Structure formats: structure tokens, C-alpha cells
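Notes follow once the structure below has been shown.
Numbering (this note's numbering), first residue to last: 2 to 106.
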């Protein structure tokens, strides 16, 4: 059983993709990211869309937080962007001292 879990872990590690080193900051960059991940069900959002989803990162929407940042509940509504299905989501905001997703030199 332990050997199966170890093999499964290795498979998952091999399937992970490298995260982009820079997140998109404007609508054109978001659209470029969408096009480059057409085969992947990744949906990228602008910061303004994330503010809308979390109602400006309301404190009473915070689900938790710690050394790696804060997590807020949110809701993607039909009017946010054409073609999106309404769905509740969690949005993670990296903390100032968090280096998750960043490469070390």
C-alpha cells in the first residue's frame, strides 16, 4: 500500500506544470495566458475580477490565513464574464513573506 502511494505521488509530481513566474496584470496578458492554456481548464482572472469575486476582499469573507497568505471565499457570477458558470470559489492572496510559486535564483 505504501509503495502504491509513493508511485502515485511520483506520477502526480511528474504531471505538475511549472507555474508562470509572472502573473498577468492587464486584460491583454490575461487573454494571452488563456490562449496559451487552451487545452488546460485554467481560468485566469484579473485583479479587478478577483476584487469583484471577493467583494473587495471583505474581512468577513476571509476563510483563514497564515504565513503563506490569506484565503477568501467568493462567488463567480454569470455577469462577471460571458461563458462562465456561477460557482463558489476560494481565492488565495499570497502574504508579503510568501515565496510560493516563485523560483529561487
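Yeah, the Cβ is synthetic: ideal placement off N, Cα and C, and Gly gets one too. Predicted model, so just to flag it, every value in this text is computed and none were measured.
Cβ-based neighbour list, residue i, same chain, cut-off 8 Å, excluding 5 preceding and 5 following
| i | result |
| --- | --- |
| residue 107 | In the structure as shown, the chain starts at 2 and stops at 106, and residue 107 therefore has no counterpart that could be examined. |
| residue 84 | none |
| residue 27 | 47 |
| residue 91 | 64, 72, 73, 74 and 75 |
| residue 31 | 25, 45, 46 and 47 |
Continuous beta strand (DSSP E) stretch holding residue i: start and end
| i | result |
| --- | --- |
| residue 44 | Where residue 44 is concerned, there is no enclosing beta strand (DSSP E), given that its DSSP letter is neither H nor E. |
| residue 89 | 88-95 |
C-alpha distance - residue i paired with residue j, whole-angstrom precision
| i | j | result |
| --- | --- | --- |
| residue 76 | residue 54 | 5 Å |
| residue 59 | residue 44 | 22 Å |
| residue 52 | residue 81 | 11 Å |
| residue 50 | residue 69 | 22 Å |
| residue 36 | residue 96 | 29 Å |
| residue 89 | residue 67 | 22 Å |
Other residues of its chain near residue i: CB distance less than 7 Å, five sequence neighbours each side excluded
| i | result |
| --- | --- |
| residue 78 | 87 |
| residue 29 | none |
Close-in-space but distant-in-sequence residues of the same chain around residue i (CB under 6 Å, 5 per side omitted)
| i | result |
| --- | --- |
| residue 62 | 55, 73 and 74 |
| residue 93 | 70 and 72 |
DSSP-derived helix/strand/coil call for residue i
| i | result |
| --- | --- |
| residue 5 | The predicted model places residue 5 with a pLDDT of 45, which falls under 50 and marks its position as unreliable; any figure quoted below should be read in that light. Reduced to three states, the DSSP call for residue 5 is helix. |
Closer than 7 Å: residue i CB and nearest the ligand SAH heavy atom
| i | result |
| --- | --- |
| residue 43 | The ligand content of the structure shown is nil, which means the ligand SAH is not present either. |
Note to self: For a minimum of 4 consecutive residues, which ranges assigned as the alpha helix (DSSP H) are wholly contained in the stretch 47-85?
What the structure shows: 48-54
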